[in-house]
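**Q** Shown below is the structure under consideration.
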Amino acid sequence: MDRVKKIHDLYLKSILDIGENDEESASQLLQNEGINPDRLVNDTLRKINGYEFELMKKAASREQENLFNAVTEKIAWLMQKAPERIITLVNSFVQQRVPAFNFKGTTADSDIAAIFDQIDVVALLERLDAIERELA
647 MDRVKKIHDL YLKSILDIGE NDEESASQLL QNEGINPDRL VNDTLRKING YEFELMKKAA
707 SREQENLFNA VTEKIAWLMQ KAPERIITLV NSFVQQRVPA FNFKGTTADS DIAAIFDQID
767 VVALLERLDA IERELA
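According to the working numbering, the sequence shown holds residues 647 to 782 in order.
What follows is the structure in structure tokens.
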């Protein structure tokens, strides 16, 4: 409700800035132009919500992509240091959610991509980070 009030106030202020003296005159000016002030606010709020939703979707998609890249890069790097340990970790972690998963260590990108939305990627990344610290 606060957002509706803020938007409404912005419209009224913009109309006041073009020469009207008070909110009542500003609302009347809108109505004289065939614009319902309340509908204008609601339409604008709906557009803002639509833009915010699209921005949130894009941000979530970018965050997921960043997580995916971090996990697959970390797996690829750790596979050079301790392949058996990483294969065991990834399989044991993922098989809790996806029993048929069988990571062999050669195609991390496609293997992880196939089950990415079914696992707790942040927790997997934390475990990989812990192994990386141990190996450092």
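Ideal Cβ positions, reconstructed from N, Cα and C, are used throughout, including at glycine.
Should Lys720 be labelled buried (16 or more other beta-carbon atoms within 10 Å of its own) or exposed?
**A** buried
**Q** Does the distance from the CB of Val744 to the CB of Gln764 come in under 8 Å?
**A** yes
**Q** Report yes if the CB atom of Val767 is closer than 8 Å to the CB atom of Leu713, and no otherwise.
**A** yes
**Q** Within 10 angstroms of the Cβ of Ile758, are there 16 or more other Cβ atoms? Answer buried if so, exposed if not.
**A** buried
**Q** According to the neighbour-count rule (16 or more other Cβ atoms, all chains shown, within 10 Å of its Cβ), is Phe699 buried or exposed?
**A** exposed
**Q** What whole-angstrom Cβ distance do Ile733 and Gly751 have, given they're in contact under 8 Å?
**A** Confirmed, Cβ separation roughly 5 Å.
**Q** Note down, in chain order, each residue of its chain lying with its Cβ closer than 7 Å to the Cβ of Phe762, except the 5 sequence neighbours on either side.
**A** Phe714
**Q** Using 10 angstroms around the beta-carbon of Ser738, count the other beta-carbons present and answer buried if the total reaches 16, otherwise exposed.
**A** exposed
**Q** Can you name the start and end residues of the alpha helix (DSSP H) that Gln710 belongs to?
**A** 683 to 727
**Q** Compare the C-alpha of Val740 against each of Pro683, Lys727, Ala760, Leu701 and name the closest.
**A** Ala760
**Q** Can you tell which of Tyr697, Leu781, Asp655 has its C-alpha closest to the C-alpha of Val728?
**A** Here the sequence assigns Ala to residue 728, which means Val is not the residue at that position. Of the candidates Tyr697, Leu781, Asp655, the one whose C-alpha sits nearest the C-alpha of Ala728 is Leu781.
**Q** Report yes if the CB atom of Leu691 is closer than 8 Å to the CB atom of Pro683, and no otherwise.
**A** Cβ atoms of Leu691 and Pro683: not closer than 8 Å.
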